[in-house]
Amino acid sequence: MKDDAVRESLGLMHFWQAGDAVTHSVAWLLLALSVASWYFILSKGWAAWRMRRGAREALNRFWTARSLDEAISTLQRDDPEQVFAPLAERARLAARMQADTSLAASVDRTELLTRVLRQEISRTGAQLESGLTLLASVGSTAPFIGLFGTVWGIYHALLQIASSGQVMIDQVAGPVGEALVMTAAGLAVAIPAVLAYNAFTRINRVTLAELDGFAHDLLALLTTGRRLDSGSGDALRSTLDEPPRPVQVGH
Numbered sequence: 002m003k004d005d006a007v008r009e010s011l012g013l014m015h016f017w018q019a020g021d022a023v024t025h026s027v028a029w030l031l032l033a034l035s036v037a038s039w040y041f042i043l044s045k046g047w048a049a050w051r052m053r054r055g056a057r058e059a060l061n062r063f064w065t066a067r068s069l070d071e072a073i074s075t076l077q078r079d080d081p082e083q084v085f086a087p088l089a090e091r092a093r094l095a096a097r098m099q100a101d102t103s104l105a106a107s108v109d110r111t112e113l114l115t116r117v118l119r120q121e122i123s124r125t126g127a128q129l130e131s132g133l134t135l136l137a138s139v140g141s142t143a144p145f146i147g148l149f150g151t152v153w154g155i156y157h158a159l160l161q162i163a164s165s166g167q168v169m170i171d172q173v174a175g176p177v178g179e180a181l182v183m184t185a186a187g188l189a190v191a192i193p194a195v196l197a198y199n200a201f202t203r204i205n206r207v208t209l210a211e212l213d214g215f216a217h218d219l220l221a222l223l224t225t226g227r228r229l230d231s232g233s234g235d236a237l238r239s240t241l242d243e244p245p246r247p248v249q250v251g252h
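Going by our numbering, the sequence shown opens with residue 2, and the numbers climb by one from there.
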């Protein structure tokens, strides 16, 4: 009977009931950080999976199209997260600007296309990195927030023990063990955020490398009429026996 009474006096529910406003605030803060980080983990994980699954096939269909307009239309349809399609569309618009009477028409064609492609890659990179700051912040601060909750819980428990005037092992071990749960909660919030941050950083690095390569191919295509890695089977590339010529972009 005594063991049952001791067991009932210990546990998470007892720790929550014995905690004050600071302990409750730390617990709610860790819960909010966990919900926010898992929302970004699931949403960005789903987007990354769709992007990686459809990107290679979409690019293959792009280079087997018969014209640039058809290729961009195909890419807009097959690029699930619209990562590569906006780059091709901006390149086409920049090429069309050379035919009008705007100030852009007086800029060198290669320089104009290079600037436009760089701006679009920077915009896409910022889009891919959205949410990573939150994951990094959660991963770096959650353990310390949990540690603060542990320290405060131990301090609160020691004050209660000191006020009772009696020091017994169950009076010390129980509250201290309950307070250590806050540290475990902080680690449980931080570890998934850190792992997800590292995974998404690698995925973004691979995607941006592919995007950079695609931009180089577009630049070569619109200025010389062929891809840098010229070979057989691509309808948008010039054959080797034809002189290099810019691709004609329709109005």
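Backbone N, C-alpha and C fix where the C-beta goes; we use that ideal spot for every residue, glycine too.
Predicted, not measured: the structure shown is a model, and the values here were computed from it.
Proximity winner among the options, relative to residue i (alpha-carbon distances)
i: Ser-44; options: Ser-131, Val-207 and Phe-145; result: Ser-131
i: Thr-269; options: Ala-22, Asp-109, Asp-213 and Thr-225; result: With the chain covering 2 to 252 only, the question about residue 269 has no answer from this structure.
i: Ser-74; options: Glu-82, Pro-81 and Phe-63; result: Phe-63
i: Met-52; options: Ala-66, Pro-81 and Ser-38; result: Pro-81
i: Phe-201; options: Trp-29, Ala-49 and Ala-72; result: Ala-49
i: Leu-223; options: Ala-37, Val-27 and Asp-70; result: Asp-70
i: Gly-147; options: Gln-161, Val-190 and Arg-57; result: Val-190
i: Trp-47; options: Ala-216, Thr-225, Arg-206 and Ala-197; result: Ala-197
i: Arg-83; options: Arg-67, Thr-65 and Arg-57; result: The displayed chain sequence assigns Gln, not Arg, to residue 83. Among Arg-67, Thr-65 and Arg-57, the Cα nearest to that of Gln-83 is on Arg-57.
i: Ser-216; options: Ser-68, Arg-67 and Pro-87; result: The amino acid at residue 216 is misidentified as Ser; the sequence shows Ala. Per the Cα distances, Pro-87.
i: Val-23; options: Trp-153, Arg-116 and Ser-68; result: Trp-153
i: Arg-91; options: Arg-67, Ser-123, Thr-65 and Ala-66; result: Ser-123
i: Trp-29; options: Arg-116, Ala-143, Thr-65 and Arg-93; result: Ala-143
Buried versus exposed, by CB contacts within 10 Å (16 or more), residue i
i: Ile-192; result: exposed
i: Ala-121; result: A small fix is needed here, since residue 121 is Glu in this sequence, not Ala. Glu-121 should be labelled buried.
i: Thr-134; result: exposed
i: Tyr-156; result: exposed
i: Thr-111; result: exposed
i: Leu-188; result: exposed
i: Phe-41; result: buried
i: Phe-145; result: exposed
i: Ala-163; result: exposed
i: Gln-249; result: Interpretation of Gln-249 is limited by its pLDDT of 46, a score under 50 that renders its predicted location unreliable; no figure is taken from the coordinates.
i: Asp-109; result: exposed
i: Asn-199; result: exposed
i: Arg-206; result: exposed
i: Val-67; result: In the sequence as displayed, the identity of residue 67 is Arg instead of Val. Exposed.
i: Ala-127; result: exposed
i: Gly-234; result: Confidence is the limiting factor: at Gly-234 the pLDDT is only 40, short of 50, which leaves the residue's position unreliable, though a coordinate-based value still follows. Label assigned to Gly-234: exposed.
i: Arg-93; result: buried
CB of residue i within 8 angstroms of CB of residue j, strictly
i: Leu-118; j: Leu-209; result: no
i: Phe-85; j: Leu-114; result: no
i: Leu-76; j: Ala-89; result: yes
i: Thr-151; j: Leu-181; result: yes
i: Gly-55; j: Asp-79; result: yes
i: Ala-186; j: Leu-34; result: no
i: Ala-72; j: Leu-136; result: no
i: Met-183; j: Val-27; result: yes
i: Val-177; j: Ser-38; result: no
Residue-chain proximity (residue i, chain B), Cβ-Cβ < 8 angstroms
i: Arg-78; result: Among the protein chains of the structure shown there is no chain B, as only one such chain exists.
- Segments of 4+ residues assigned as alpha helix (DSSP H) that fall wholly inside the segment 32-114: 69-79 and 86-98
- Segments of 4+ residues assigned as alpha helix (DSSP H) that fall wholly inside the segment 173-220: none
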